[in-house]
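Enquirer: Chains as they are written, first to last, in this note's numbering: chain A, 62 to 314; chain B, 291 to 497. Backbone N, C-alpha and C define an ideal beta-carbon position, used for all residues, glycine too. Input: one structure, supplied below.
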């Protein structure tokens, strides 16, 4: 570097501007400014341009990149993730897979319902008829009807055997005991059937609830995907507006 | 304890991904800022930033420390920016259908971060962005590296692959054109000493 300055030497002016010249050269240029208003004005203009340049800042961006590598995969399987896996929108194939899984679950449920008829009794008949809403009442009613019919038959038998009882009073306690036992058996059977019905209904409700929950979850996840796109755009707009306001306020100062 | 870039590079080369992620954390802002100022688009700048680190990670076994890690990153990022600019030049212009007002169409569209869209605004920052966008690529890059990343003439010359004197000429010509454009846009030159511009790499990290 020379210690003399040739008037109008632009490269030397730039070195001075960015303070990358040696002290001797710096002094020489500074001395020249004192006697050359043109060069001094030039330097002043370059400095003021630099101040203006400093006002240009890039918009805030969400970065946070990171290298993630699945341990079981070969090194070529590299990926950069900006969001956690659960915050990312589902890819199309995953959504299709989820839909297929829900459909399959529904299908198997339907098949299971068809095959889980316990016995050809009133309950099963009602299930087959498809009147799901009326089925529980109908089932209970039918069971009670059957019970009533049996009781009536028993009473009719008893009435028919009443003369025999008077003729043979010693046999009466035995017959009553038998009747009581049969009534108890009938009541037990009815209770068992009702319990079975209750268990079946509970299981069905649980399955319906579970499948509905999965459908809802899938819908929510899809909606999230859409919302994410929307909020991303909104956030960007807001950020631009903020940047704009910041610039305006900085300028006002 | 704070690891130096060299320490973290050595650990990354030894297979420690977390060390490389620390380098990303350290340098992603400057690289994003560089890409944004060179190409002028937020989304694409973010993509270039991400791609820069991905390429750096893949090329890490070949990085022997012959240059500073940051210079190496800047080189990768600038190459990606250059490719991006070339692709943009090749991209065909979309013709506006007949009977449609292009301005209306532009107003309806989503806001973009292209420098051209900011021309109408009169804020200083936008005016600077506009003026910078009109500079030749080499001058713009030289000014960006000097003003916003605090590089020395020598570092810029190495990155741009040109002599020192060319860097100085690019800076001088670029600054002169910028000054004229800003004055033409009615922006009075600001007088006083430069305080905001970073002067070193370390300061550039805060940009």
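Within the 8 Å Cβ cut-off, does residue 375/B reach chain E?
Expert: Here chain E cannot be found, since the structure's protein chains are A and B.
Enquirer: Mapping DSSP to helix, strand and coil, what is residue 129/A?
Expert: If you number the first chain from 1, residue 129/A lands on position 68. Correct three-state label for residue 129/A: strand.
Enquirer: Counting only C-beta atoms, is residue 451/B closer than 8 Å to chain A at any point?
Expert: Position 161 of the second chain, counting from 1, holds the residue named residue 451/B. Answer no: the Cβ-Cβ gap between residue 451/B and chain A never drops below 8 Å.
Enquirer: Quick check: the stretch 422–435 of chain B against the stretch 467–475 of chain B, are there 3 or more CB pairs under 8 Å?
Expert: Touching, per the Cβ criterion.
Enquirer: Suppose you measure from the CA of residue 247/A to the CA of residue 206/A; what does that come to, to the nearest Å?
Expert: The sequence position of residue 247/A within the first chain is 186, counting from 1. The sequence position of residue 206/A within the first chain is 145, counting from 1. If I take the Cα positions, the gap works out to 12 Å.
Enquirer: Could you give the first and the last residue of the continuous alpha helix (DSSP H) run that contains residue 293/B?
Expert: Sequence index remark: in the second chain, residue 293/B carries index 3 (1-based). That residue, residue 293/B, is in no alpha helix (DSSP H); it is neither H nor E in DSSP.
Enquirer: Return yes when the Cβ of residue 110/A is within less than 8 Å of the Cβ of residue 461/B, no when it is not.
Expert: Here residue 461/B corresponds to residue number 171 of the second chain, with the count starting at 1. Here residue 110/A corresponds to residue number 49 of the first chain, with the count starting at 1. No, these two residues do not count as a Cβ contact at 8 Å.
Enquirer: How should residue 68/A be labelled, buried or exposed, when 16 other C-beta atoms within 10 angstroms of its C-beta is the threshold for buried?
Expert: Counted from its first residue, the first chain places residue 68/A at position 7. Its Cβ having fewer than 16 others within 10 Å, residue 68/A is exposed.
Enquirer: Of all the residues that make up the stretch 66–90 of chain A, which are near chain B by a beta-carbon distance shorter than 9 Å?
Expert: Within the stretch 66–90 of chain A, the residues whose Cβ lies closer than 9 Å to some Cβ of chain B are 71, 72, 73, 74, 75, 76, 78, 79, 80 and 81, listed in chain order.
Enquirer: Suppose contacts are defined by Cβ-Cβ distances below 8 Å. Is residue 312/A in contact with residue 413/B by that definition?
Expert: As a first step, residue 312/A must be located in the first chain, where it is residue number 251. As a first step, residue 413/B must be located in the second chain, where it is residue number 123. Yes, Cβ-Cβ distance for residue 312/A and residue 413/B is below 8 Å.
Enquirer: Within 8 Å of any Cβ in chain A, is that where the Cβ of residue 364/B sits?
Expert: As a first step, residue 364/B must be located in the second chain, where it is residue number 74. It does not: the Cβ of residue 364/B has no partner Cβ on chain A nearer than 8 Å.
Enquirer: Compute the distance between the beta-carbons of residue 415/B and residue 297/A, then report whether it is under 8 Å.
Expert: In the second chain, counting from the first residue as 1, residue 415/B sits at position 125. In the first chain, counting from the first residue as 1, residue 297/A sits at position 236. It is not a contact, given that the beta carbons lie outside the stated cut-off.
Enquirer: Do residue 474/B and residue 79/A have their C-beta atoms within less than 8 Å of each other?
Expert: To locate residue 474/B, count along the second chain from 1; it is residue 184. To locate residue 79/A, count along the first chain from 1; it is residue 18. Not closer than 8 Å, so no.
Enquirer: Using a Cβ-Cβ cut-off of 8 Å, state whether residue 95/A counts as contacting chain B.
Expert: As a first step, residue 95/A must be located in the first chain, where it is residue number 34. No, because no Cβ of chain B sits closer than 8 Å to the Cβ of residue 95/A.
Enquirer: Candidates 348/B, 318/B and 375/B: which alpha carbon is nearest residue 339/B's?
Expert: Within the second chain, the letter at position 49 stands for residue 339/B. Checking every option, the nearest Cα to that of residue 339/B belongs to 318/B.
Enquirer: Where does residue 302/B fall in DSSP's three states?
Expert: For the purposes of this step, residue 302/B is taken as the residue at position 12 of the second chain. Residue 302/B: helix per DSSP, three-state reduction.
Enquirer: Is the Cβ-Cβ distance between residue 443/B and residue 81/A less than 8 Å?
Expert: For this step, residue 443/B is matched to residue 153 along the second chain. For this step, residue 81/A is matched to residue 20 along the first chain. Cβ distance < 8 Å, so residue 443/B and residue 81/A count as in contact.
Enquirer: Check distances from the C-beta atoms of the stretch 436–468 of chain B to those of chain A and list, in chain order, the residues that come in under 7 Å.
Expert: If the cut-off is 7 Å between Cβ atoms, the stretch 436–468 of chain B has 436, 437, 442, 443, 455, 458, 459, 461, 462, 465 and 468 near chain A.
Enquirer: What does the alpha-carbon distance come out to for the pair residue 302/A and residue 265/A?
Expert: Locating residue 302/A in the first chain gives position 241, counting from the first residue. Locating residue 265/A in the first chain gives position 204, counting from the first residue. Distance between the alpha carbons of residue 302/A and residue 265/A is about 54 Å.
Enquirer: Please classify residue 107/A as buried or exposed, where buried requires at least 16 neighbouring CB atoms within 10 angstroms.
Expert: Here residue 107/A is taken as the residue at index 46 of the first chain, counted from 1. Buried, by the Cβ-count rule.
Enquirer: Please confirm if residue 414/B has its CB atom under 8 Å from at least one CB of chain A.
Expert: Mapped onto the second chain, residue 414/B falls at position 124. Chain A contact via Cβ: present.
Enquirer: Pick helix, strand or coil for residue 71/A, following the three-state DSSP scheme.
Expert: Numbered from its first residue, the first chain carries residue 71/A at position 10. Looking at residue 71/A - three-state DSSP - the assignment turns out to be helix.
Enquirer: With DSSP run on the structure shown, which of helix, strand or coil describes residue 279/A?
Expert: Your numbering for residue 279/A matches position 218 in the first chain. Looking at residue 279/A - three-state DSSP - the assignment turns out to be helix.
Enquirer: Taking residue 8/A and residue 208/A to be in contact with their CB atoms under 8 Å, please state how far apart those CB atoms are, rounded to whole angstroms.
Expert: Any answer about residue 8/A is impossible in this case: the structure gives chain A only from 62 up to 314.
Enquirer: Applying the 10 Å Cβ sphere with the 16-neighbour rule, what's the burial state of residue 347/B?
Expert: The sequence position of residue 347/B within the second chain is 57, counting from 1. Flag for residue 347/B reads buried.
Enquirer: Can you list, in chain order, the stretches of the beta strand (DSSP E) that have 3 or more residues and sit fully within the stretch 300–387 of chain B?
Expert: As far as the stretch 300–387 of chain B is concerned, it has no whole beta strand (DSSP E) run of at least 3 residues.
Enquirer: In the DSSP assignment, find the unbroken alpha helix (DSSP H) run with residue 122/A in it and report its ends.
Expert: Here residue 122/A refers to the residue found at position 61 of the first chain. Unbroken run through residue 122/A: none, as it is neither H nor E.
Enquirer: Comparing the C-beta of residue 428/B with each C-beta of chain A, is any distance below 8 Å?
Expert: In the second chain, residue 428/B corresponds to position 138, counting from 1. No, residue 428/B lies away from the interface with chain A (no Cβ there is under 8 Å from its Cβ).
Enquirer: Per the contact definition of three or more C-beta pairs closer than 8 Å, is the stretch 116–130 of chain A in contact with the stretch 320–334 of chain B?
Expert: In short, these stretches touch, since the Cβ pair count reaches three.
Enquirer: Could you name the residues of chain A that residue 423/B contacts, counting a contact when the two beta carbons are closer than 8 Å?
Expert: In the second chain, residue 423/B corresponds to position 133, counting from 1. Result: empty, since nearest Cβ-Cβ is about 11 Å, beyond 8 Å.
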